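One structure below.
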Amino acid sequence: MSRLAQTLGLTEFQTEIVAAVRTFVDREIIPAAQELEHSDTYPQAIVDKMRDMGLFGLMIPEEYGGLGESLLTYALCVEELARGWMSVSGVINTHFIVAYMIRQHGTDAQKNHYLPRMATGEVRGAFSMSEPELGSDVAAIRTKAKREADGDYLINGQKMWLTNGGSSTLVAALVRTEEGAAKPHANLTTFLIEKPAGFGEVLPGLTIPGKIDKMGYKGIDTTELLFDNYRAGAGDVLGGTPGRGFSQMMDGVEVGRVNVSARACGVAIRAFELAARYAQQRSTFGKPIAEHQAVAFSLAEMATKVEAAHLMMVNAARLKDSGERNDVAAGMSKYLTSEYCSEVTQASFRIHGGYGYSKEYEIERLMREAPFLLIGEGTSEIQKMIISKGVLRSYAL
Ligand SMILES: Cc1cc2nc3c(=O)[nH]c(=O)nc-3n(C[C@H](O)[C@H](O)[C@H](O)COP(=O)(O)OP(=O)(O)OC[C@H]3O[C@@H](n4cnc5c(N)ncnc54)[C@H](O)[C@@H]3O)c2cc1C
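Here the numbering used here runs 1278 ahead of the position in the sequence shown, where the first position is 1.
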């Protein structure tokens, strides 16, 4: 058999770009990742190179200066990036979701204003649903936008866990407006907020306090965002009509789940590669540990999980690209790949013995990356809610 996680039926361009990203990862990301992670340093040189490669515009239509590629192409590139260092895939993740939401739901003026600059990476996106009191229960959002007599909105409240909150220059934030129906999710509105990169009060009434200190996924910034009478214009409402934010965000999160799946695949592939190498180098009781059946079987289980995860992720991406609804496929893919990623990473860690606990070994970093994938874009429990609703719809008596 060939190497794991191959994808049949790719176009010439897809094959080329995925190979180019893989080479970039092997040459420039893997050798730098440990040091950047441990010093919690933003990977500016890597991000600049990603801009040059056009990765920020991968899925933005050609008419706006992007490459106009599919979700599958995007996901395969993300899988490669996460294989090198998950934080690097995090830099483009929120950007990709915001660009997708503008492409799908923005007014023509918003598309023309943002997408060409997002395609070059000049404008970089973050998206913000979570708050200190809620993450899974999106409809419970408390941050409020109050409409003023002049048509502007005054926004007050606190958002939490913005990936790229400080380094981004455009935040898509979901807040409660007074317009819309009485149901909790029906009066939520997405605002597009253009801001300078950086920390502190970056605009009147808008503060990014600083980086949250995380256990892993370091190098890139995750932040809070405080609104204190921040003034947004009516033109900042995504799509122009308030009250549509919940479904816009859910659409964004659905493609985001394929993206998180791709990251889980990338981390799992790397964990497997490290285990396969170490198991052939390390000897105990007179032979390489790979020749002890328990270790060989563990490698077999890991390889099978890596392969299954990749196939689920590719299936979910292709379904979305075909125009079909993919809520269940994306939910299944996100659930399975993130759980398998944790299991494969843990198994690789065990194979490394005591050295896996040393910061000199890459597996130590992967052990801190994998848990985030169980949580981001909806926990496993939330995926099971989506999957069970979907399958019961299809199997209703
Ligand atoms: C590093 C990092 C980056 C992030 N980046 C972003 C970002 O860019 N933008 C953003 O908006 N958010 C972001 N998040 C937030 C993330 O989406 C939430 O943490 C996640 O959705 C879970 O929400 P919560 O933390 O509030 O947990 P809760 O919703 O409070 O859940 C706590 C536990 O209860 C379980 N649970 C909740 N409800 C149910 C239920 N009905 N049935 C069964 N179990 C349930 C959950 O599965 C979980 O185990 C980020 C989080 C982290 C850690």
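Where is the CB? At the ideal position from N, CA and C, for every residue including glycine. Since the model is a prediction, treat every value here as computed from it, not as a measurement.
Not one heavy atom of ligand 1 lies closer than 7 Å to the C-beta of F1524. For V1536, the closest of A1608, R1281, P1649 by C-alpha to C-alpha distance is A1608. Take G1429, set aside five residues on each side of it, and the residues of its chain with a beta-carbon closer than 8 Å to its own are G1511, A1512, in chain order.
By the neighbour-count definition (other C-beta atoms within 10 Å, threshold 16), T1501 is a buried residue. The beta carbon of M1591 sits closer than 7 Å to the beta carbons of A1353, V1536, S1539, A1540, C1543, S1611, T1615 from its chain, once the five residues preceding and following it are set aside; these are given in chain order.
Secondary structure note for L1288: it is in no beta strand (DSSP E), with a DSSP letter that is neither H nor E. In terms of side-chain proximity, the C-beta atom of D1529 is found no nearer than 7 Å to any non-hydrogen atom of ligand 1. Between L1349 and the set G1362, L1333, E1341, R1361, the nearest pair of CA atoms involves L1333. When DSSP states are grouped into helix, strand and coil, L1350 belongs to the helix group. DSSP places S1406 in the strand class (E or B) of the three-state scheme. Within the stretch 1495-1573, the runs of alpha helix (DSSP H) that reach at least 4 residues and sit entirely inside it are, in chain order, 1523-1559. Following the DSSP letters along the chain, one finds T1623 inside the alpha helix (DSSP H) bounded by residues 1605-1629. Each of F1374, G1523, R1425 was checked against the Cα of R1509, and the nearest Cα belongs to R1425. For G1668, the enclosing alpha helix (DSSP H) covers residues 1658-1672. Within 7 Å of the C-beta of G1609 there is not a single heavy atom belonging to ligand 1.
Rounded to the nearest whole angstrom, the C-alpha separation of C1355 and A1594 is 15 Å. The beta carbons of G1483 and F1505 sit closer together than 8 Å. Rounded to the nearest angstrom, the Cβ distance from K1667 to E1621 is 26 Å, too far for a contact under 8 Å.
A distance below 7 Å between beta-carbons, with the five flanking residues on each side excluded, links G1634 to the following residues of its chain, in chain order: F1627, I1641, E1642. Here S1445 is not near R1395, since their CB atoms are 8 Å or more apart.
Between the alpha carbons of K1473 and L1503 lies a gap of roughly 12 Å. Excluding its 5 nearest sequence neighbours in each direction, L1597 has C-beta neighbours in its own chain below 6 Å: N1604, A1607, listed in chain order. Going by beta carbons, K1437 and S1408 fall inside the 8 Å limit.
P1321 counts as buried, since at least 16 other C-beta atoms from the protein chains shown sit within 10 angstroms of its C-beta.
Buried is the label assigned to S1406, since at least 16 other Cβ atoms lie within 10 Å of its Cβ.
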